[in-house]
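Q:
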Amino acid sequence: MTIHIGAEKGDIAETVLMPGDPYRAKWAAETFLQEVRLVNEVRGMLGYTGTWNGNPVTIQGSGMGMPSLSIYANELIRDFGAKTLIRIGSCGGMQKSVAVRDVILAMTATTAGSPSASIFKEVNFAPCADWSLLKAAAEAAGQRDVATHVGGIYSSDTFYDERPDLNEQMVRHGILGVEMEAAELYTLAARYGCRALAVLTVSDHLLTGEALPSDQRERSFGDMVEIALEAAFS
Ligand code: HPA
Numbered sequence: 001m002t003i004h005i006g007a008e009k010g011d012i013a014e015t016v017l018m019p020g021d022p023y024r025a026k027w028a029a030e031t032f033l034q035e036v037r038l039v040n041e042v043r044g045m046l047g048y049t050g051t052w053n054g055n056p057v058t059i060q061g062s063g064m065g066m067p068s069l070s071i072y073a074n075e076l077i078r079d080f081g082a083k084t085l086i087r088i089g090s091c092g093g094m095q096k097s098v099a100v101r102d103v104i105l106a107m108t109a110t111t112a113g114s115p116s117a118s119i120f121k122e123v124n125f126a127p128c129a130d131w132s133l134l135k136a137a138a139e140a141a142g143q144r145d146v147a148t149h150v151g152g153i154y155s156s157d158t159f160y161d162e163r164p165d166l167n168e169q170m171v172r173h174g175i176l177g178v179e180m181e182a183a184e185l186y187t188l189a190a191r192y193g194c195r196a197l198a199v200l201t202v203s204d205h206l207l208t209g210e211a212l213p214s215d216q217r218e219r220s221f222g223d224m225v226e227i228a229l230e231a232a233f234s
């Protein structure tokens, strides 16, 4: 057990999917895994372990934002031995070529300041996805009927942005979407020799103002979970 994860050591699999929303962890575990059991409910941040095609998998909520994700990812990696961590979450679309419901595989994650920023001082570290996971996810997505984009995303610290000029610069530099967690996950994976990827569903669009209706979210999020699972075990 750790401060934030009430599981026993053997309760967490080496492969962990991390949605921001703990209820999405419950839904994904109950929908896609077999032999599912609840392994964490500290602070309501639900975590489940089960199997997918016989492979052990944990689906653990990360909460919203890099400080929250950093707590769970640190404990999963350092205390529970997680080796492959895949964020499954939503993002806001930032390019005209990206539509609501599309999937984005985040090759890089630009950030203005993750919890790790103080380590790097004047250096701009470039958080990037694990190549083997990214390649496998792109192949898995190619087998499905879902438009998929591979490229850079922006991990922001704010949802209600007081600095719209930052988003404008991201759009100008070809960033595909904005979310709030991946850059810290990629940085921790680099530090501890793990594999990480963010598979994201576009839930809203910053340029068009369009948003995915709640009744259509489940189907779109399902594609993302299956792409993540197929990539993890390819
Ligand atoms: N901004 C930040 N994070 C998000 C967004 C957004 O528009 N949509 C989904 N996650």
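The sequence shown begins at 1 in our numbering and counts up one residue at a time.
Backbone N, C-alpha and C define an ideal beta-carbon position, used for all residues, glycine too.
Note that the structure is predicted; figures quoted are calculated from it, not measured.
1) What's the call for GLY174, buried or exposed, on a 16-neighbour Cβ count within 10 Å?
2) Could you tell me whether the Cβ atoms of GLY113 and GLY177 are closer together than 7 Å?
3) Three or more beta-carbon pairs under 8 Å between the stretch 216-225 and the stretch 151-169, yes or no?
4) Under 7 Å Cβ to Cβ from ALA13, same chain only, skipping five residues before and after it: list those, please.
5) Tell whether a beta-carbon distance below 7 Å holds between THR148 and ALA140.
6) May I ask whether a heavy atom of the ligand HPA can be found less than 6 Å away from the beta carbon of VAL171?
7) Which one of ALA126, LEU207, GLY209 has the shortest CA to CA distance from VAL191?
8) Excluding sequence positions up to five away, which residues of its chain have a Cβ less than 6 Å from the Cβ of LEU229?
9) I'd like the ranges of any alpha helix (DSSP H) spanning at least 4 consecutive residues and lying wholly in the stretch 140-210.
10) Quick one: measure Cβ to Cβ for MET66 and GLU181, integer angstroms, because I've assumed they're closer than 8 Å.
11) Locate the beta strand (DSSP E) running through THR58, then write down its first and last residues.
12) Using a Cβ-based criterion (distance less than 6 Å to any ligand heavy atom), does ASP204 qualify as near the ligand HPA?
13) Along the chain, where does the beta strand (DSSP E) containing GLU35 start, and where does it finish?
14) Any heavy atom of the ligand HPA closer than 6 Å to the Cβ of MET180?
15) Could you check if GLY113 belongs to the surroundings of the ligand HPA, using beta carbon to heavy atom distance under 6 Å?
16) Closer than 6 Å: is that where the CB of GLY61 sits relative to any heavy atom of the ligand HPA?
A: Taking the definition as stated:
1) Exposed, by the Cβ-count rule.
2) no
3) no
4) THR49, PRO56, VAL57, THR58
5) no
6) no
7) According to the sequence provided, residue 191 is Arg. The question's Val does not apply to it. Minimum Cα distance to ARG191 is reached at ALA126.
8) TRP52
9) 164-172, 182-192
10) 6 Å
11) THR58 -> beta strand (DSSP E) spans 55-60.
12) Under cutoff, so the answer is yes.
13) 34-40
14) yes
15) no
16) GLY61: no, Cβ never under 6 Å from the ligand HPA.
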